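Asks: Using this note's numbering, read the sequence shown as starting at 1 and increasing by one per residue.
Let me give you the structure first, and then I'll get to my questions.
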Amino acid sequence: MKDNWLSLETQTPDSLNALLDLAESLKAQLQAGGNEPLLRGKALAMLFMKPSLRTRVSFEMGMEQLGGHALYLSPDEVGLGKRESVADVARVLSRFVDGIMARVFAHDDVVELAKWASIPVINGLSDYNHPCQGLTDLLTIREKLGYLKGVSLAYVGDGNNMTHTLMYAAALTGMRLTIATPPCYEPLQNVVARALELAKQYDTGATITVTRDCTAAVYGAQVLYTDTWTSMGQEEEEEERLKVFPPYQINAELLSKAAPDAKVMHCLPAHRGQEITDEIADGADSWLFDQAENRLHAQKAILVTLLKD
Ligand code: CP
Ligand code: NVA
Numbered sequence: 001m002k003d004n005w006l007s008l009e010t011q012t013p014d015s016l017n018a019l020l021d022l023a024e025s026l027k028a029q030l031q032a033g034g035n036e037p038l039l040r041g042k043a044l045a046m047l048f049m050k051p052s053l054r055t056r057v058s059f060e061m062g063m064e065q066l067g068g069h070a071l072y073l074s075p076d077e078v079g080l081g082k083r084e085s086v087a088d089v090a091r092v093l094s095r096f097v098d099g100i101m102a103r104v105f106a107h108d109d110v111v112e113l114a115k116w117a118s119i120p121v122i123n124g125l126s127d128y129n130h131p132c133q134g135l136t137d138l139l140t141i142r143e144k145l146g147y148l149k150g151v152s153l154a155y156v157g158d159g160n161n162m163t164h165t166l167m168y169a170a171a172l173t174g175m176r177l178t179i180a181t182p183p184c185y186e187p188l189q190n191v192v193a194r195a196l197e198l199a200k201q202y203d204t205g206a207t208i209t210v211t212r213d214c215t216a217a218v219y220g221a222q223v224l225y226t227d228t229w230t231s232m233g234q235e236e237e238e239e240e241r242l243k244v245f246p247p248y249q250i251n252a253e254l255l256s257k258a259a260p261d262a263k264v265m266h267c268l269p270a271h272r273g274q275e276i277t278d279e280i281a282d283g284a285d286s287w288l289f290d291q292a293e294n295r296l297h298a299q300k301a302i303l304v305t306l307l308k309d
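Structure follows, in structure tokens:
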């Protein structure tokens, strides 16, 4: 039966570990001269309802490095749910290609695509979560620190799709995640509850705490994480958000409250001077560009797992 990649919450600690091991070996293989053409003859349709740099380029290069082909479909071309119903797009693409990667506004759209497609569907970002980035972040932390269980991770900023993703990532790997957001910008309460349930179900030892206090959240943290204060699709709220979020900036002062050798992550694109300062984004403690590179390696593991015969 076909599998999809819509949210980390459907993974298990073992399935995530297997993907991370595969990503690590595909990365080593690429660096040693090139990947085997594991996806020769396979095609991926990449359906974008929002802009992208990393997701588009890493999926396209990933397919190429694995011997396959990727097809970019821009927001104006397909008109998902407008020019044509989501169900019809899913059924038509299923006749032409072997997988769909979709970046959408409403998460229901990827769920609907997956329902109607006879081929695997990968969520390349929805308003609910960003599981490709989540796997990448786990790969990056594991690669840098050598382990995941017990890592103390502090997320500072908007309680958004990345926050949800990191909660599931922490729950399944046993990280200790503290989230600091301003009032009214907390992550969804049902996602917090679901993540805590997963941690309990798999007995991973993960903890998830939500607070308003950035200093308390980052105290002793090994890794600090942030994301934009205004996600794609929320542009009309930007002015309002800019009044509330400035205390939730990752800067030198906040970093000094974390563990002595704490590192900084950001899924990018960064709004420098807002959620992160240049000094930190470009400083010695930044993992930002290694993290961005790992999109390629993490997603190749997803592609091989879902599309290989
Ligand atoms: N992090 C991320 O998904 O980047 P893009 O929006 O550029 O794809
Ligand atoms: N939260 C951001 C992530 C971008 C990769 C957004 O949804 O725009």
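For glycine and all other residues, C-beta sits at the position ideal for the given N, C-alpha and C.
Being a predicted model, the structure only gives us computed values, none of them experimental.
(1) Determine the closest residue to methionine 232 out of Met162, Thr173, Thr305, Ala258, with distance taken between C-alpha atoms.
(2) May I have the straight-line CA-CA distance separating lysine 243 from asparagine 190, to the nearest angstrom?
(3) Give the secondary structure of tryptophan 5 by DSSP, where H, G and I count as helix, E and B as strand, and everything else as coil.
(4) Could you compute how far the alpha carbon of arginine 103 sits from the alpha carbon of glutamate 253?
(5) Using 10 angstroms around the beta-carbon of glutamine 31, count the other beta-carbons present and answer buried if the total reaches 16, otherwise exposed.
(6) Run the CB neighbour count on serine 118, radius 10 Å, all protein chains shown included, and call it buried at 16 or more, exposed below.
(7) Taking DSSP as the reference, what is the three-state secondary structure of alanine 281?
(8) With a threshold of 6 Å, establish whether the CB of threonine 277 neighbours any heavy atom of the ligand NVA.
(9) Using three-state DSSP, classify glycine 62 as helix, strand or coil.
(10) Which term fits serine 126, buried or exposed, when burial requires 16 or more other beta carbons within 10 angstroms of its beta carbon?
(11) What does the Cβ neighbour count give for lysine 149, buried or exposed, with the cut at 16 atoms within 10 Å?
(12) Measure how close the beta-carbons of threonine 140 and asparagine 294 come, nearest whole angstrom, since I'm counting them as under 8 Å.
(13) Which two residues bound the contiguous alpha helix (DSSP H) that contains glycine 134?
Replies: The relevant details are as follows:
(1) Met162
(2) 27 Å
(3) strand
(4) 35 Å
(5) exposed
(6) exposed
(7) helix
(8) no
(9) helix
(10) buried
(11) exposed
(12) 5 Å
(13) 131-145
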